[in-house]
Structure formats: structure tokens, C-alpha cells
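Participant: Numbering (our numbering), first residue to last: 17 to 507.
Positions of the beta carbon are idealized from the N, C-alpha and C atoms, including for glycine.
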Amino acid sequence: MSAHEVDREAAVLEAVPTQLLVGGEWRDAEAGATFEVIDPSTGRVLCTVADASPADGVAALDAAVAAQADFAAMPPRERSDILTRAFELLHERIDDLALLMTLEMGKPLAEAKGEITYAAEFFRHFAGEATRISGGYQTAPAGGARFLIAKQPVGPCLLITPWNFPMAMGTRKIGPAIAAGCTSVIKPAHQTPLSMLALGQILIEAGLPEGVVNIVTAQRSGEVMEPLIRSGRARKLSFTGSTKVGKILLEQCADKVLRTSMELGGNAPFIVFEDADLDEAVSGALAAKMRNMGEACTAANRIYVHESVAEEFGQKLAEQMGGMPVGRGTEDGVRVGPLIDQAAQDKVTELVADAVDRGARVVTGGSAPEGEGYFFTPTVLTDVSREARMGSEEIFGPVAAITPFSTEEEVIAAANDTPYGLVAYVFTNDLRRSLRVAEALETGMVGLNQGVVSNPAAPFGGVKESGLGREGGDTGIEEFLETKYIGIALA
Ligand code: NAP
Numbered sequence: 017m018s019a020h021e022v023d024r025e026a027a028v029l030e031a032v033p034t035q036l037l038v039g040g041e042w043r044d045a046e047a048g049a050t051f052e053v054i055d056p057s058t059g060r061v062l063c064t065v066a067d068a069s070p071a072d073g074v075a076a077l078d079a080a081v082a083a084q085a086d087f088a089a090m091p092p093r094e095r096s097d098i099l100t101r102a103f104e105l106l107h108e109r110i111d112d113l114a115l116l117m118t119l120e121m122g123k124p125l126a127e128a129k130g131e132i133t134y135a136a137e138f139f140r141h142f143a144g145e146a147t148r149i150s151g152g153y154q155t156a157p158a159g160g161a162r163f164l165i166a167k168q169p170v171g172p173c174l175l176i177t178p179w180n181f182p183m184a185m186g187t188r189k190i191g192p193a194i195a196a197g198c199t200s201v202i203k204p205a206h207q208t209p210l211s212m213l214a215l216g217q218i219l220i221e222a223g224l225p226e227g228v229v230n231i232v233t234a235q236r237s238g239e240v241m242e243p244l245i246r247s248g249r250a251r252k253l254s255f256t257g258s259t260k261v262g263k264i265l266l267e268q269c270a271d272k273v274l275r276t277s278m279e280l281g282g283n284a285p286f287i288v289f290e291d292a293d294l295d296e297a298v299s300g301a302l303a304a305k306m307r308n309m310g311e312a313c314t315a316a317n318r319i320y321v322h323e324s325v326a327e328e329f330g331q332k333l334a335e336q337m338g339g340m341p342v343g344r345g346t347e348d349g350v351r352v353g354p355l356i357d358q359a360a361q362d363k364v365t366e367l368v369a370d371a372v373d374r375g376a377r378v379v380t381g382g383s384a385p386e387g388e389g390y391f392f393t394p395t396v397l398t399d400v401s402r403e404a405r406m407g408s409e410e411i412f413g414p415v416a417a418i419t420p421f422s423t424e425e426e427v428i429a430a431a432n433d434t435p436y437g438l439v440a441y442v443f444t445n446d447l448r449r450s451l452r453v454a455e456a457l458e459t460g461m462v463g464l465n466q467g468v469v470s471n472p473a474a475p476f477g478g479v480k481e482s483g484l485g486r487e488g489g490d491t492g493i494e495e496f497l498e499t500k501y502i503g504i505a506l507a
């Protein structure tokens, strides 16, 4: 690294707040506790941030509760304007924000910029939605009475986000919460708190009133969040993360019957029929597999390719993936950064070994490179057995697992043979087949001849154990609104 690059990284880290955001003020955690943020490309410490205690969590919720009534009363246009200003600031600072994200999370700079753009779009989208919250007026079927249907903010919300998209998973919740008039306490993942803290600073500069968004960074997430969930003072939990943790949180929410939005794990099937444009399918698989180094809930986890084209598809995908430069995401030309931590690298290594033990062939890659950081070489496996662990577990790494199939019925049954149901991808040029298969797949989203479905203007979410509710699109704001019916007796 040049001296200039070292200085720039230091300056970006220096500029980000590292305290808790509570009631509009940055403050230390109880007893000055902190924890370390690690650069996954080196394993070295980047900085330390405040480590909230349960009492700090309560203080953050106190601030959110105190701010709720005034914020709900703020004119929608003003809430919209705040989101628009935050959208603009995200773009003005995109270079620094992208560098910060790459440092804490590892993804290459170009992908980090892509995520900031995606994240900002949620603010732009919900800035519009804020001014379009509508209701209804209806005559009762028997006549006489009238129904007035009003939408009101749910109330204070708890928002919990994962490390893989440290900014976008936040704005996808904060955007609609602000648009709807809800205050919140947000807890980012301990691996990637910095992007959220930088976002907090931007929201303050954009004019968000104090206490509307409170940020709690913590290592002991369960200890800090459970009392807040169980208190019943927050009226909603919106969570993005693993299905395992989502289930624990759903149980905690049951006690006080909190509204919940759950964006959980996936096990996406990627299906290539014999009539597909093979090059298009390879590009789609590359996008669906390699976005975020494979660390995405939407990542193509099981790639089913018709037996007549499976070999050719595997070779073409291997040529592309084998040629992707691996390295620190800050370096020019790097397309594959490190995995998030040692545990992630170990898990991907184990899953590949398991698949190979069960007969998979390694076409390219297959192991973690020597040296510092948590890298894994882009890997293509063919003839992966349906019994391999990676058929039922999220790989969350740059490993494409190809399994040949012979009939449409067989592949639909295999695709649906999972408790997950977030997204599926289908490549075919047969219109009837594409609609038939898209309808038969048990998922919340289908990418038809495309490898990326995420779009702030579309309803994102899963069925089965992949979650509850939708984020983005027209429905995203509904998750933060209650419907109130007022019955009116006319004389
Ligand atoms: P995770 O371990 O479930 O953690 C997600 C968040 O929950 C983190 O902020 C984590 O904090 C927090 N958390 C963990 N245990 C908790 C508890 N007992 N109480 C309260 N909060 C708790 O998931 P992850 O490893 O960060 O993220 C990867 C997972 O997210 C994958 O399964 C992926 O598929 C899923 N994901 C889903 C979507 C979607 O839209 N469906 C999008 C992105 C990711 P700490 O890390 O600080 O403990």
C-alpha cells in the first residue's frame, strides 16, 4: 500500500463515530466498554467501538419512545425531505463510505459503491412513499354507517441487521420506518458496525430529530436486545439475519405480540434448462453466485443444470470464476474479497470437503489460499450429490455447486425440497415453461433469465423459513403502519 492509501484509510476510520447514538447524542457505553472491529482481509484490528450494555439498550429505547409522538406528528413532507437529504449525502460521500465498508466487511470497492447506491435508493424510494400514505372511506354494506380507514405508525421499532450488507440492510428498514413516522433502535452486526454509525451521522446532518434513530453497537446482542423485545415498549421488530436467530427472536416477540418482519436465510436453486441461452445463464450464475463473494441470502446455493448442457455450463462458469482476481477489496482490479471471519472460512472449507467426499468433482479452486485474511478461492464443483451438506445449508462463500437433472418435474421437486423459500432463478427461453416453473417454485421471488432480483422498488422477501413480510416496493412501508378502522354512525 502506498503512504497515500494508508493515510486515506486512517482518515476514513478517524472520521467515523465510534460511540452509541442515543437521543441525538454520541455517548460512550456504560463503563466505557468497547470491542474491536477487524479487517477480514488481514485479521488485524481497524478500531474499537462502544460495546453497549443492557442498560445502554434501555436508554436507547427510552429515547425512541420519548421521540415517537412528535415524530408521528411531523408532516410527511418533512419526513420525506429528510430522507431525500440523506440520499444526497450518501451519494456525496460514496467514496469514503465505500472504503469504510470494504475495510470492515471485505467486499471489493466497486461492490461497496454498488451497495451504497442500492442503500441510498431505499431512502429515495421511501421519501416518495412517505407522502403517499393513504386511507379509505367506505359505506357499510347495509348502508347507514361509514368506515374511515386510517394508517398510523406502528410505534417505536427494533431493527437488527446482518454484516453482509452493512448499509443496505439498514436503509431498507430505516427508510420505511422514517417514512411511516416510526422511531427506532437499530443494532448492526458486531463485525460491521462502522457503516451504520456513519449512516447515523448522515441522518443527523440530514435533519432527523433527536431520538428518532438510535444506534446500539454491541457484542452481546442477545443480552442487550432481549429485554427491549420483551419490554413491550417497542411495538415492532424488523430482523434480517439467519433463520436460527430469527426463530429465537420470534419466540421473544410472541410474549408481547410484537409485529415482526423477518428476512432470513436462503437456499436458492438456480435452474438452467436445455433451451436456455448458455452464455446468459453463465453470466446470471456468476452474478447470483459471486455478488458479495457468495455471502448473500440470495446467493445461488444449488445450481441445477440440464444433463445435456451441464458439462459445458460447468466449464464456462469455471473459466469465468477461475479468472476472478482475489485479494484485499481496496486493491485495483480485485473482484473477490475475503470472507467475513475465520468461522466462515472454516465452514466453506468443510462444506467443499464434504461435497468432494460424496463424489463432487472440483473444476476450479477448492481451497482457502495460504496467508493472512479469510479468503477462499472461487470454486466450481460439478456432480454435487443432492445429499451433500451444501444442498441443505447456506454455503455463504464463492463456491458454485452444480448438480445435473433430467426432467422439469424432477428439478422442481428438488428445488422445493428445502425448508427455505427466499428466491429461485430460472433460465429458459420457453415462455410457457418459464411461467409454469416460476409458479411452481415455493419462493417469495423468482429471477427469470436474470441473476439479481434485489430492487428497492420491488417487494423483497421469502416464504417458508426464509421469512415473514416484504421489504421495499409498495408493501415495504405497510410493515411499519397499522390500519385503524373508525366506524361512523350516520343519523
Ligand atoms: P445472524 O447471526 O443471524 O445475525 C444477524 C443479526 O442478529 C446480527 O446483528 C447479530 O448480532 C444479531 N443477533 C444474533 N443473535 C442475536 C440474539 N440472540 N438476539 C438479538 N440479536 C442477535 O446472521 P448473520 O450471520 O449476521 O447474517 C447472515 C444471515 O443473514 C444469513 O443466513 C443470510 O441468509 C441472512 N440474510 C438474509 C437476508 C434477507 O433479506 N432475507 C439478507 C441478508 C442476510 P451480532 O452479530 O452482533 O451477534
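Is there at least one non-hydrogen atom of the ligand NAP closer than 6 Å to the beta-carbon of threonine 256?
Facilitator: yes
Participant: Would you mind reading off the limits of the alpha helix (DSSP H) that contains glutamate 237?
Facilitator: The question names glutamate, but residue 237 in the sequence shown is serine. Unbroken alpha helix (DSSP H) run through serine 237: 237-247.
Participant: Looking at the unbroken beta strand (DSSP E) that takes in arginine 502, where does it start and where does it end?
Facilitator: According to the sequence displayed, residue 502 carries isoleucine and not arginine. Taken as a continuous stretch (DSSP letters only), the beta strand (DSSP E) holding isoleucine 502 covers 497-504.
Participant: I'd like to check one pair, arginine 246 with glycine 171: are the Cβ atoms closer than 7 Å?
Facilitator: no
Participant: Counting along the chain, where does the alpha helix (DSSP H) carrying glutamine 217 start and finish?
Facilitator: 210-221
Participant: Using the Cβ count rule (16 or more neighbours within 10 Å means buried), how would you classify alanine 31?
Facilitator: exposed
Participant: Name the residue from Leu355, Gln268, Gln331 and Asp370 whose alpha carbon lies nearest to the alpha carbon of threonine 58.
Facilitator: Leu355
Participant: Measuring CB to CB, does arginine 188 end up less than 7 Å from phenylalanine 138?
Facilitator: yes
Participant: Considering only the alpha carbon of each residue, which of Glu131, Ala158 and Ala292 lies closest to serine 470?
Facilitator: That would be Glu131, whose Cα lies nearest to the Cα of serine 470.
Participant: I'd like to confirm something about valine 321: is its beta-carbon nearer than 6 Å to some heavy atom of the ligand NAP, or not?
Facilitator: no
Participant: With DSSP as the reference, identify every bridge partner of glutamine 331, one or two as the case may be.
Facilitator: Its beta-bridge partners do not exist; DSSP assigns none.
Participant: Within its chain, find whatever has a CB closer than 7 Å to the CB of valine 298; leave out the 5 residues flanking it on each side and keep chain order.
Facilitator: Phe329, Lys332, Leu333 and Gln336
Participant: Quick check on alanine 47: does DSSP put it in helix, strand or coil?
Facilitator: helix
Participant: Straight-line CA distance for serine 150 to leucine 105?
Facilitator: Leucine 105 has its alpha-carbon roughly 29 Å from the corresponding atom of serine 150.
Participant: Tell me which residues share the same chain as serine 401 and place their Cβ nearer than 8 Å to its Cβ, disregarding the 5 neighbours each side in the sequence.
Facilitator: Ala371, Arg374, Gly375, Ala376, Gly407 and Thr419
Participant: Between which residues of its own chain and glycine 186 is the CB-CB distance below 8 Å, once the five residues before and five after are set aside?
Facilitator: Ala135, Leu175, Thr177, Ile202, Pro204, Ser211, Met212 and Leu215
Participant: Would alanine 156 pass as a contact of cysteine 173 if the rule is Cβ separation under 7 Å?
Facilitator: No, they are not a contact pair.
Participant: Using only the heavy atoms of the ligand NAP, determine whether one of them is closer than 6 Å to the beta carbon of serine 206.
Facilitator: Sequence inspection shows histidine at residue 206; the serine mentioned does not correspond to that position. Yes, the ligand NAP has a heavy atom inside 6 Å of this Cβ.
Participant: Under a three-way DSSP split, which group does arginine 275 fall into?
Facilitator: strand
Participant: When you compare the CB positions of glycine 463 and tyrosine 441, do they come within less than 7 Å of one another, or not?
Facilitator: yes
Participant: Would you tell me roughly how many angstroms separate the C-alpha atoms of aspartate 67 and asparagine 180, rounded to the nearest one?
Facilitator: 20 Å
Participant: Only counting the same chain, and skipping five residues up and downstream in sequence, which positions put a Cβ closer than 6 Å to that of threonine 208?
Facilitator: Glu120, Met121, Trp179 and Pro182
Participant: Does the separation of the CB atoms of valine 261 and leucine 116 fall below 7 Å?
Facilitator: Against a cut-off of 7 Å, the Cβ pair of leucine 116 and valine 261 comes out as no contact.
Participant: Is the closest heavy atom of the ligand NAP to the C-beta of isoleucine 194 under 6 Å?
Facilitator: no
Participant: Based on Cα-Cα distance, which residue from Gly483, Pro33, Tyr501 and Thr50 lies nearest to tryptophan 42?
Facilitator: Pro33
Participant: Going by alpha carbons, who is nearest to aspartate 357 out of Met90, Val81, Ile54 and Thr393?
Facilitator: Of all alpha-carbon atoms in Met90, Val81, Ile54 and Thr393, the one lying nearest the alpha-carbon of aspartate 357 is that of Ile54.
Participant: Run through the segment 256-323 for me and flag every whole beta strand (DSSP E) of 3 or more residues, listed as ranges in chain order.
Facilitator: 275-279, 284-288 and 316-322
Participant: Among the residues of its own chain, which have a CB less than 6 Å from the CB of leucine 497, if the five just before and after it don't count?
Facilitator: Excluding its 5 nearest sequence neighbours in each direction, leucine 497 has C-beta neighbours in its own chain below 6 Å: Lys167 and Ala196, listed in chain order.
Participant: Is it the case that the CB of cysteine 269 approaches a heavy atom of the ligand NAP more closely than 6 Å?
Facilitator: no
Participant: Would a C-beta distance cut-off of 7 Å place threonine 398 and alanine 384 closer than the cut-off?
Facilitator: no
Participant: Could you give the residue range of the beta strand (DSSP E) that holds leucine 37?
Facilitator: 36-38
Participant: Have a look at glycine 454 and valine 415 and give me their C-alpha separation to the nearest angstrom.
Facilitator: Per the sequence presented here, residue 454 reads as alanine, with glycine not at that position. Approximately 25 Å, taken between the alpha carbons.
Participant: Pairs of beta-carbons, one from the segment 289-297 and one from the segment 312-330, closer than 8 Å: are there three or more?
Facilitator: yes
Participant: Please report whether the beta-carbon of asparagine 317 lies at a distance below 7 Å from any beta-carbon of chain D.
Facilitator: No chain D is part of this structure, which consists of one protein chain only.
Participant: What separation, rounded to the nearest whole angstrom, lies between the Cα atoms of alanine 456 and alanine 429?
Facilitator: If you take the alpha carbons of alanine 456 and alanine 429, they lie about 9 Å apart.
Participant: If you run the structure through DSSP and keep just helix, strand and coil, what is lysine 123?
Facilitator: coil
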